[in-house]
Every structure is written in structure tokens, then in C-alpha cells.
Amino acid sequence: MKDEQSVRKKIECLFDYLTREEHGNYLGEPITQLEHTLQAAMLAKQSGADEETILGALLHDIGHFIPTKQAATDNAPDMITPSGEFIGKGSHDKFGEAYLRDFGFSEKVCQLVGGHVIAKRYLTAVDQSYYDTLSEASKKTLHYQGGPMSREEQSAAEQDPWLKNKLQVRIWDDLAKDPSVSAPPIENYTDMAVRNLLRQEN
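In terms of UniProt numbering, the sequence shown opens at residue 1 and continues consecutively.
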């Protein structure tokens, strides 16, 4: 059983990966990666989501942030367009899921992080109007993420008991790109993350 102080230090180290991107470009979007992360968490909290879902929104892109030396690079290849433009890490969703599971977060948090790209593929398959709302950068990455789901993939996804939560995280992900919005700092989520890790230990 871990004590709260050691868990808190562990969370502070994790959050440090995010705060290092305070001025980092968010793959062609008009905000930084950190701003995007904080806006997604803010939208989740404003909606009345439970703590696990808020943490899933906060950490959904953690696979982009973790240093390469901690990544299984074969599982997180760079996505490069034919023109040579870097548009993110392939499988950052699944890498983030595995990393957070090893870190000690609850299964729901891990699966929400691992499912936000699948949710994008699902939504673009079932709703053309959703595709039309995507930013140009998000449309570009969709192509490299497998494109809209097939009918067979949709049917399989619909068996997931957390599909609704994953779709909601995806929608917050899409909305969290507003340069005029100032979201609360990441420190506001430290206690929430600490509670989540401690629950897994008890």
C-alpha cells in the first residue's frame, strides 16, 4: 500500500510531462498542447462527469507527451503526410492507455484514454455531420488512424460498456481547441488523480 505523499509526487512527475508543453504547438491547431488538454478536462468537469471521466479527458493525449525514451517506439511511430508534415504519433492513444495502466490508474481512465481515437473513427462512420465539424488537422490524422469504421468494427465497438463515455471524451477533445478560452491550471486535478491511484492500491 502506497502512502499519499509518494503518490502525490508520482502525479506531479506525470503532470510535469504536460506542463512542459505549455508553449508546444498542438499539431496545426490554434492553441498549445497544454491548453488543449486543460480545456478538455474543463469541459468534462463542467458537464458533471465523474472523476474517472474527467481524468480520461485530461490525460487523453498523454501518449504525445511522454518522452521517447519511455515509449515503445515501434508502437508509437510518427505520422508523416506525403508532404513531410508531422501530424502526431501513431497509436498515441493505445500507448497512453498502456502507460497509464502501468502507472496505476483505474481501468476506466485507461480505457477512456485508449478509446478516444476509436471513438473518432466510430463517430465519422455513423454521422457525416460529425466529420464536417472536424478541424482540418483532425481530418488529416483520421486518414492515418484507419479512417471511418467498417460496419463490422461499428458492431464490435457497440458492445463496449464504456462506448458512451469514450464518445463524450472524443467530443470534448474536438471542442477543446478554442484560443479564446482560459482553462483552470493542471494543479486543480492533482487531488483527483491522487485519489484515483490510492483507490487502486486499497
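No residue lacks a Cβ here, since even glycine has one placed at the ideal position from N, Cα and C.
Taking contact to mean at least 3 C-beta pairs separated by less than 8 Å, is the segment 97-111 in contact with the segment 131-150?
no
Out of 193, 197, 196, 175, state which residue places its alpha-carbon closest to the alpha-carbon of residue 31.
As a first step, residue 31 must be located in the sequence shown, where it is residue number 31. That would be 175, whose Cα lies nearest to the Cα of residue 31.
For the alpha helix (DSSP H) holding residue 39, just list the boundary residues, first then last.
Counting from one through the sequence shown, the residue named residue 39 turns up at place 39. 33-46 is the span of the alpha helix (DSSP H), which, as asked, contains residue 39.
In whole angstroms, what separates the C-alpha of residue 81 from that of residue 4?
Counting from 1 along the sequence shown, the entry for residue 81 is found at position 81. Counting from 1 along the sequence shown, the entry for residue 4 is found at position 4. Any reading at residue 81 must be qualified, since the residue scores a pLDDT of 39, below 50, and its modelled position is unreliable; no value is offered.
Would you kindly check if the distance between the Cβ of residue 183 and the Cβ of residue 39 is under 8 Å?
Your numbering for residue 39 matches position 39 in the sequence shown. Your numbering for residue 183 matches position 183 in the sequence shown. Between residue 39 and residue 183, the C-beta gap is smaller than 8 Å, which places the two residues in contact.
If you count every other CB in all the chains shown that lies within 10 Å of the CB of residue 128, and 16 or more means buried, which is it?
For the purposes of this step, residue 128 is taken as the residue at position 128 of the sequence shown. Exposed, by the Cβ-count rule.
Find out if the Cβ-Cβ distance for the pair residue 92, residue 170 is shorter than 8 Å.
Your numbering for residue 92 matches position 92 in the sequence shown. Your numbering for residue 170 matches position 170 in the sequence shown. Taking 8 Å as the Cβ cut-off, residue 92 and residue 170 do not qualify as a contacting pair.
Residue 120 beta carbon less than 8 Å from that of residue 142
Taking the first residue of the sequence shown as 1, we reach residue 142 at position 142. Taking the first residue of the sequence shown as 1, we reach residue 120 at position 120. Yes, Cβ-Cβ distance for residue 142 and residue 120 is below 8 Å.
Short Cβ contact (8 Å threshold) for residue 59 with residue 114
In the sequence shown, residue 59 corresponds to position 59, counting from 1. In the sequence shown, residue 114 corresponds to position 114, counting from 1. In this structure, residue 114 does not lie closer than 8 Å to residue 59 by Cβ.
With 16 as the cutoff for other CB atoms within 10 Å, does residue 156 come out buried or exposed?
For the purposes of this step, residue 156 is taken as the residue at position 156 of the sequence shown. By the 10 Å Cβ count, residue 156 comes out exposed.
Could you tell me the distance, in whole angstroms, from the CA atom of residue 64 to the CA atom of residue 188?
What you label residue 64 is simply residue 64 of the sequence shown in a count that begins at 1. What you label residue 188 is simply residue 188 of the sequence shown in a count that begins at 1. Straight-line Cα distance between these residues: approximately 21 Å.
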